[in-house]
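Residue numbers (our numbering), protein chains in the order written: chain P, 47 to 221; chain D, -17 to 481.
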């Protein structure tokens, strides 16, 4: 099975093939060669919804949480969120962002919280670093700023709204 | 003995208090806001009452409501825990007025220590050392030189209105004083239109050392040694230990004596903590403030002295004499506490959410005061601390190795936590040799990349695990896989697809 993945800004091509005894995972970072890992099934074992993964002589307890194309892997107190797209999802993503994947066409909340104040409205032009809104989460107010110059397409929240993790707050138009 | 006690708090400290109440045969009453119906403290208490909506001011800070519940439930006393109303004189007074017992200091104690500046003056009068400095502004270079000599080098010169790096100079040697003094005066005048300048001792290697004290209503006051809490981020403690490796035995004796003297000067009742700024070069210590409550880090003191501080709080609240004398209190071994918080280990920002997997460390000499469980949603309204991992060891080295072992067993997924930050600190040379100061995290840890903090994990593990899970997910949706899906399953799925 073929996937595309993105981790820490690096794009990968990924293949996974299953046999009775192994997973064969191929990874090809953009511009580099394919590397294949033969993972014995007894070394990657689901136990009580947690995976016990024996890899390069180390024992990891792994938990993978998948939300759409986002896969977050937790192990040993470390964690990493990666994007994984299968063929169907690749198509879907390319339609959404108008070519390529992983474009930043919107501001999403990274955690559940409450909107305290909104500084912008649809049609506003913002510079990099301009404040967009203030969101309160866990007793702290966080000012969310524009990461790049953009034109505001739509503001989907107002002061006082409670938002979930991952909710879209503001959308941008490409300049 | 009390028959029933209400705990005006939540999270791990409410559970901590509930445990001692149960051991004493006292019925425990929990309170909870709308955001805490699923809180572990509610499930572990004997009784639980709803007190309002999620924001603290409408629930855990709502004095009227909490007292109403205490009366309704027939509780005789209220334990405030730490934070929330624990240092509110108004609350302590209201509890008394309602005919209930406040398990904590007197209203006068809280008022005396509540104002930081006034309490410093009070302590100065009681003979407790405070950071040496000038009493008022210094007018000219000659006076400045005289004062600096009296205070002792190094000194820091501060313009009265200074800030943002302007109007502040550290002076290490007398020959640098005159020019630094003139610079501060002129910066004060130019940037803030105020040329008043003060001089204070500059603490080069500051450590946060505090002393646990305990008083009763009969006038006895004892101390239970120090705790070092220099490991801080965002001015909040992260790791606490007892004893401190930086405190030599003769200084420990003086620290304890000064702390007792300070507490006695205000007839202190109950558990309290006197915080000092400690100069790790000269081993001098100066009063900062007193916390008139049980501290978050009280378990380290419990583990090295063997006393249950909550039990003693209740004993004192009943009007009894302290159950131990100063000469009874001995230190044995070493204890360290790590605060486990739902926060990003790189940016230190809170990161609430739902815990998925939760497997806690166990084994010899491991204590975990926590409130998490699989599926628990860490609310956004309160402090992000979800656990305190405390280990005891016969030596500091044993204790650290045990903590490393315990952290390796701790599995917490679904939210970001600072477990990995603790792993890094616990193997840092500056922590291991004990020379760390309050600036340690800012200077040695902050700014580290996630990749450096995650050195305990082979990078490939993330990608391979995610790839296999993505494969398994796609496979389970794919009906064309003849090898793995049985014909019956295929037929069933295809049938389901048609409707």
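Note that beta-carbon positions come from the ideal geometry of N, C-alpha and C, so glycine has one too.
Exposure of residue i, with buried meaning 16 or more beta-carbon neighbours within 10 Å
i                      : result
residue 25 of chain D  : exposed
residue 144 of chain P : The predicted position of residue 144 of chain P is uncertain, since its pLDDT is 33 and thus under 50; a value taken from the coordinates is nonetheless stated next. Classification of residue 144 of chain P: exposed, given that the 10 Å Cβ count is below 16.
residue 343 of chain D : buried
residue 257 of chain D : buried
residue 48 of chain P  : exposed
residue 43 of chain P  : The shown model of chain P, from 47 to 221, leaves out residue 43 of chain P, and the question about it has no answer.
residue 104 of chain P : exposed
residue 464 of chain D : Reliability fails at residue 464 of chain D, whose pLDDT of 42 lies under 50, so the model's placement of it is uncertain and the value that follows must be treated cautiously. Classification of residue 464 of chain D: exposed, given that the 10 Å Cβ count is below 16.
residue 295 of chain D : buried
residue 122 of chain P : buried
residue 203 of chain P : buried
residue 355 of chain D : exposed
residue 144 of chain D : buried
residue 262 of chain D : buried
residue 297 of chain D : buried
residue 366 of chain D : buried
residue 65 of chain P  : exposed
residue 415 of chain D : exposed
residue 82 of chain P  : exposed
residue 225 of chain D : buried
residue 346 of chain D : exposed
Beta carbon of residue i nearer than 7 Å to that of residue j
i                      : j                      : result
residue 182 of chain P : residue 159 of chain P : yes
residue 41 of chain D  : residue 33 of chain D  : yes
residue 199 of chain D : residue 2 of chain D   : no
residue 55 of chain D  : residue 13 of chain D  : no
residue 174 of chain P : residue 194 of chain P : yes
residue 241 of chain D : residue 285 of chain D : no
residue 337 of chain D : residue 358 of chain D : yes
residue 192 of chain P : residue 164 of chain P : no
residue 52 of chain D  : residue 6 of chain D   : no
residue 351 of chain D : residue -2 of chain D  : yes
residue 108 of chain D : residue 163 of chain D : no
residue 106 of chain D : residue 57 of chain D  : no
residue 419 of chain D : residue 189 of chain D : yes
residue 62 of chain P  : residue 31 of chain D  : no
residue 110 of chain P : residue 451 of chain D : yes
residue 120 of chain D : residue 129 of chain D : yes
Partners in chain P for residue i, counting only beta-carbon separations shorter than 8 Å
i                      : result
residue 438 of chain D : 122, 123, 124
residue 399 of chain D : 123
residue 395 of chain D : 109, 111, 120, 125
residue 126 of chain D : Within chain P, no residue comes near residue 126 of chain D; the closest Cβ sits about 41 Å away, beyond 8 Å.
residue 340 of chain D : By Cβ distance, chain P contributes nothing, its closest Cβ being about 10 Å from residue 340 of chain D, past 8 Å.
residue -10 of chain D : Within chain P, no residue comes near residue -10 of chain D; the closest Cβ sits about 18 Å away, beyond 8 Å.
residue 372 of chain D : Correct list: empty, because the minimum Cβ distance to chain P is about 18 Å.
residue 456 of chain D : 47, 132
Neighbouring residues, chain D, relative to residue i (Cβ below 8 Å)
i                      : result
residue 73 of chain P  : 442, 445, 446, 449
residue 214 of chain P : Result: empty, since nearest Cβ-Cβ is about 18 Å, beyond 8 Å.
residue 130 of chain P : 448, 449, 452
residue 85 of chain P  : 446, 450
residue 62 of chain P  : 449, 450, 452, 453
Under 7 Å by beta carbon: chain P residues contacting residue i
i                      : result
residue 405 of chain D : 123
residue 402 of chain D : 123, 124
Closer than 7 Å at the beta carbon, the chain D residues around residue i
i                      : result
residue 102 of chain P : 440
residue 82 of chain P  : Those within 7 Å of residue 82 of chain P in chain D number zero; the least Cβ separation is about 11 Å.
residue 99 of chain P  : 443, 447
Contact list for residue i against chain D, beta-carbon separation under 9 Å
i                     : result
residue 51 of chain P : 445, 448, 449, 452
residue 96 of chain P : 339, 341, 393, 395
residue 69 of chain P : 446, 449, 450, 453
#### Entry: Sufficient close CB pairs (3 or more, under 8 Å) joining the stretch 226 to 234 of chain D to the stretch 71 to 82 of chain D
The stretch 226 to 234 of chain D and the stretch 71 to 82 of chain D do not touch, with fewer than 3 CB-CB distances between them shorter than 8 Å.
### Query
Are the stretch 295 to 305 of chain D and the stretch 92 to 102 of chain P in contact at 8 Å, needing three or more beta carbon pairs?
Three or more beta-carbon pairs separated by less than 8 Å are not found between the stretch 295 to 305 of chain D and the stretch 92 to 102 of chain P, which leaves the two stretches without contact.
### Query
Where are the alpha helix (DSSP H) runs, 4 residues long or more, that stay fully inside the stretch 285 to 352 of chain D, in chain order?
Taking only runs of at least 4 residues, the alpha helix (DSSP H) segments lying wholly in the stretch 285 to 352 of chain D are 291 to 299.
### Query
Taking one C-beta from the stretch 273 to 284 of chain D and one from the stretch 247 to 261 of chain D each time, how about it: are there three or more such pairs within less than 8 Å?
Three or more Cβ pairs closer than 8 Å define a contact, and the stretch 273 to 284 of chain D meets that threshold against the stretch 247 to 261 of chain D.
### Message
Would the stretch 87 to 95 of chain D count as touching the stretch 112 to 121 of chain D if we require 3 or more Cβ pairs under 8 Å?
### Response
The stretch 87 to 95 of chain D makes no contact with the stretch 112 to 121 of chain D; the number of CB pairs closer than 8 Å stays below 3.
### Query
Is the stretch 156 to 170 of chain D close to the stretch 263 to 279 of chain D, with three or more CB pairs under 8 Å?
By the Cβ rule, the stretch 156 to 170 of chain D does not count as touching the stretch 263 to 279 of chain D, because fewer than three pairs are nearer than 8 Å.
### Query
Is the number of C-beta pairs between the stretch 395 to 407 of chain D and the stretch 323 to 336 of chain D that are closer than 8 Å three or more?
Output reads yes: the stretch 323 to 336 of chain D touches the stretch 395 to 407 of chain D.
### Task
Quick one: which unbroken beta strand (DSSP E) runs of 3-plus residues sit fully inside the stretch 360 to 440 of chain D? Chain order, please.
For the stretch 360 to 440 of chain D, whole beta strand (DSSP E) runs of length 3 or above, ordered along the chain, are 367 to 375.
### Query
So, do the stretch 445 to 454 of chain D and the stretch 112 to 126 of chain P have three or more beta carbon pairs nearer to each other than 8 Å?
The answer is yes - the stretch 112 to 126 of chain P touches the stretch 445 to 454 of chain D, with three or more Cβ pairs under 8 Å.
### Message
I'd like to know if the stretch 125 to 139 of chain D and the stretch 167 to 187 of chain D are in contact, where contact means that at least 3 CB-CB pairs between them fall below 8 Å.
### Response
Two segments are said to touch when three or more pairs of C-beta atoms, one from each, lie closer than 8 Å; by this definition the stretch 125 to 139 of chain D touches the stretch 167 to 187 of chain D.
### Query
Are the stretch 405 to 417 of chain D and the stretch 72 to 92 of chain P touching by the rule of at least three beta carbon pairs closer than 8 Å?
Because the criterion of three Cβ pairs below 8 Å is not met, the stretch 405 to 417 of chain D and the stretch 72 to 92 of chain P do not touch.
### Task
Determine contact between the stretch 201 to 217 of chain D and the stretch 152 to 160 of chain D, defined as no fewer than three beta-carbon pairs at a distance below 8 Å.
Touching, no, given that fewer than three Cβ pairs across the two stretches are closer than 8 Å.
### alpha helix (DSSP H) segments (min. 4 residues) lying fully within the stretch 149 to 200 of chain D
Here the runs fully enclosed are 159 to 174.
### Message
List, from N- to C-terminal side, the beta strand (DSSP E) runs of 3 residues or more that fit wholly inside the stretch 110 to 151 of chain D.
### Response
Counting whole runs of 3 or more residues, the stretch 110 to 151 of chain D contains the beta strand (DSSP E) stretches 137 to 145.
### Task
With a floor of 3 residues, list each beta strand (DSSP E) that falls wholly inside the stretch 109 to 138 of chain P, ordered by position along the chain.
Runs found: 116 to 121, 124 to 131.
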